[in-house]
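Quick note: the sequence shown, position 153, residue 232 per the numbering used here, numbers continuous.
Note that beta-carbon positions come from the ideal geometry of N, C-alpha and C, so glycine has one too.
Note that this is a predicted model, so its numbers are computed, not measured.
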Amino acid sequence: MPSAIVNATVVFGGTFNPIHLGHIDAAKTVSRLLGSAGVRMMLAGNPRLRDEFPEAIQHRWQMLQLACAAEVNLIADATEMHDMGSTRTIETVEKLGGRPDKPVIWALGDDAAASLPRWVRYDALRLKASFFVLKRTNVCLAPVCDDFQMVDHASDLAAEAGRVYISQSPVLDISATTIRNKISQNKPVNRWLHPEVLAYIIDKQLYRA
80 MPSAIVNATV
90 VFGGTFNPIH
100 LGHIDAAKTV
110 SRLLGSAGVR
120 MMLAGNPRLR
130 DEFPEAIQHR
140 WQMLQLACAA
150 EVNLIADATE
160 MHDMGSTRTI
170 ETVEKLGGRP
180 DKPVIWALGD
190 DAAASLPRWV
200 RYDALRLKAS
210 FFVLKRTNVC
220 LAPVCDDFQM
230 VDHASDLAAE
240 AGRVYISQSP
250 VLDISATTIR
260 NKISQNKPVN
270 RWLHPEVLAY
280 IIDKQLYRA
């Protein structure tokens with residue numbers, strides 16, 4: 080296993096509202112395809128392209144820590160939690176030291192990847208990050224594929240910035256929106272959540288109508 084992968088900074092960002100088994104499964108796929116690399120599960124504080132969230136970030140942070148506690152290669156990361164204003168990925172990448180010869184590897188779903196050209200300082204991102212895209216939908220990724228160098232192996236992302244790898248590994252079809260709605264309707268959601276996360280939601284009475 081190339082040491083560059085082991086030492087790479089790998090980020091799986093999300094609002095985690097709540098963190099569910101689909102997030103965990105996807106992040107473990109990223110880790111596996113990058114040679115058991117550690118993956119920072121980064122809680123997005125206030126993403127510019129997302130609406131406001133029904134639960135406070137402190138609750139989402141506690142749930143994220145509970146879900147990651149038993150996972151060897153997943154690390155709950157609070158880097159963006161206390162940022163003022165909208166969260167911008169390029170600023171986080173710069174905080175993490177991303178550069179052309181040692182990019183931050185940012186993992187995300189293809190639906191989010193399709194919006195990459197609208198991200199703040201998109202051109203700078205291509206110089207400091209590479210992207211691991213998890214195939215979830217049939218969204219068109221042509222603009223991103225035109226702007227980034229496509230690679231056939233996830234490990235190639237660590238060599239230099241401006242690369243993209245599209246994983247064909249299956250992902251669990253779980254929606255945080257569906258989970259929130261079912262909780263508000265007092266319907267069971269245990270098959271989608273880590274037991275300790277579910278216990279926290281019940282204890283704090285989160286996502287109630």
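Could I get the ranges of all uninterrupted alpha helix (DSSP H) runs contained in the region 209 to 241, with 4 residues as the minimum, in chain order? Runs of the alpha helix (DSSP H) inside the region 209 to 241: 221 to 226.
So, under 8 Å CB-CB, Leu251 and Leu113 are touching, yes? Tell me the CB distance rounded to an integer number of Å. For the purposes of this step, residue 251 is taken as the residue at position 172 of the sequence shown. For the purposes of this step, residue 113 is taken as the residue at position 34 of the sequence shown. Beta-carbon to beta-carbon, Leu251 and Leu113 are separated by about 19 Å, too far to satisfy the 8 Å threshold.
Less than 7 Å between the C-beta atoms of Ser209 and Leu236, yes or no? Here residue 209 corresponds to residue number 130 of the sequence shown, with the count starting at 1. Here residue 236 corresponds to residue number 157 of the sequence shown, with the count starting at 1. For Ser209 and Leu236, yes; Cβs fall inside 7 Å.
Going straight from the alpha carbon of Ile280 to that of Ala192, what length do you get? One-based indexing of the sequence shown puts residue 280 at position 201. One-based indexing of the sequence shown puts residue 192 at position 113. Rounded to whole angstroms, Ile280 to Ala192 spans 30 Å at the Cα level.
Alpha carbon of Ile103 to alpha carbon of Ala116, nearest angstrom: The residue you call residue 103 lines up with position 24 of the sequence shown. The residue you call residue 116 lines up with position 37 of the sequence shown. In this structure, the alpha-carbon of Ile103 lies about 14 Å from that of Ala116.
Around the Cβ of Arg242, are there at least 16 other Cβ atoms within 10 angstroms (buried) or fewer (exposed)? Walking along the sequence shown from the start, residue 242 turns up at place 163. With 16 or more other Cβ atoms within 10 Å, it is buried.
Under DSSP, the alpha helix (DSSP H) around Ile258 begins and ends at which residues? Within the sequence shown, numbered from 1, the residue matching residue 258 stands at position 179. That run of the alpha helix (DSSP H) goes Ala255 to Ser263.
Own chain residues within Cβ distance below 6 Å of Thr257, not counting five before or after: Numbered from its first residue, the sequence shown carries residue 257 at position 178. No residues qualify anywhere along the chain.
Hey, could you find the ends of the beta strand (DSSP E) Ala186 is sitting in? The sequence position of residue 186 within the sequence shown is 107, counting from 1. Its beta strand (DSSP E) spans residues Val183 to Gly188.
Distance between Lys266 and Ala255 (C-alpha atoms, nearest Å): Locating residue 255 in the sequence shown gives position 176, where the first residue counts as 1. Locating residue 266 in the sequence shown gives position 187, where the first residue counts as 1. One Cα belongs to Ala255, the other to Lys266, and the distance between them is close to 14 Å.
Residue range of the beta strand (DSSP E) that includes Ala155: In the sequence shown, the residue the question calls residue 155 occupies position 76. Ala155 -> beta strand (DSSP E) spans Leu153 to Asp156.
Need the endpoints of the alpha helix (DSSP H) that Val276 sits in, please. Translated into the one-based positions of the sequence shown, residue 276 becomes position 197. That run of the alpha helix (DSSP H) goes Pro274 to Lys283.
What would DSSP say about Val109, mapped onto helix, strand or coil? Here residue 109 corresponds to residue number 30 of the sequence shown, with the count starting at 1. If DSSP states are grouped into helix, strand and coil, Val109 belongs with the helices.
C-alpha distance - Thr171 paired with Leu206, whole-angstrom precision: The residue labelled residue 171 in the question sits at position 92 within the sequence shown. The residue labelled residue 206 in the question sits at position 127 within the sequence shown. If you take the alpha carbons of Thr171 and Leu206, they lie about 14 Å apart.
Using 8 Å as the Cβ pair cut-off and three pairs as the minimum, do the region 148 to 167 and the region 220 to 227 touch? Judged by Cβ distances under 8 Å, the region 148 to 167 makes no contact with the region 220 to 227, as fewer than three pairs qualify.
Residues in its own chain within less than 7 Å of Gly188 by CB, not counting five upstream and five downstream? To locate residue 188, count along the sequence shown from 1; it is residue 109. Annotation for Gly188: Leu213 and Arg215 place their beta carbon closer than 7 Å to its own, counting only its chain and skipping 5 residues before and after.
Spatial neighbours of Asn269 within its chain, please: C-beta separation below 8 Å, excluding the five flanking residues on both sides. For the purposes of this step, residue 269 is taken as the residue at position 190 of the sequence shown. Counting only Cβ-Cβ distances below 8 Å, and skipping sequence neighbours, we find Leu277.
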